[in-house]
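Please read the structure below before turning to the comments.
Numbering (our numbering), first residue to last: 719 to 870.
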């Protein structure tokens, strides 16, 4: 989909505050309400806008540990990859799962209350997935920033 300047402005505004009213968005980008809403619906229909979410503070919810786990599968096959991806998607503590290149097959972003709960998660949940050969964890000591907005 080709984005013009107005679309880019709308996306930038919605990324910073998805609760902004259509009227407010329309005024900011110099459109009337109906064309503005039409553009937003078009962006949603084309999957440029994939959803609207509340940004939660993990620490305020007692989730104080962020871990990146590198996972190597025991075999390099489509069936093993599919099984792993289906199983890991069911695990609530896994925030992201990416197929990567190099000596590992996947990179997982995992959140936990503390190191003990992460250890339990690895032993009882993640480690119980049969096709995993190796897990290497990297604990984030301090996150300096996390951007949510894509550059447009």
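In this text, a Cβ means the ideal position worked out from N, Cα and C, and glycines have one as well. Predicted model, so just to flag it, every value in this text is computed and none were measured.
Nearest to residue 835 by alpha-carbon distance, out of 785, 854 and 738, is 785. Under DSSP, residue 742 forms no beta bridge with any residue.
For residue 839, the enclosing alpha helix (DSSP H) covers residues 833-842. Bridge partners of residue 814 according to DSSP: 827. Cβ atoms of residue 802 and residue 847 come within 8 Å of each other, at about 6 Å. In the assembly as shown, residue 863 is an exposed residue. Its beta-carbon has fewer than 16 other beta-carbons within 10 Å. According to DSSP, residue 803 shares a beta bridge with no other residue. DSSP links residue 790 through a beta bridge to 852. One thing to note: residue 811 has its Cβ within 8 Å of the Cβ of residue 828.
In the DSSP assignment, residue 784 forms a beta bridge with 829. Three or more Cβ pairs closer than 8 Å define a contact, and the segment 791-799 falls short of that threshold against the segment 749-766. Excluding sequence positions up to five before and after residue 859, its CB lies less than 6 Å from no other CB in the same chain. In chain order, 747 place their CB closer than 6 Å to the CB of residue 724, counting only its own chain and leaving out the 5 sequence neighbours on each side.
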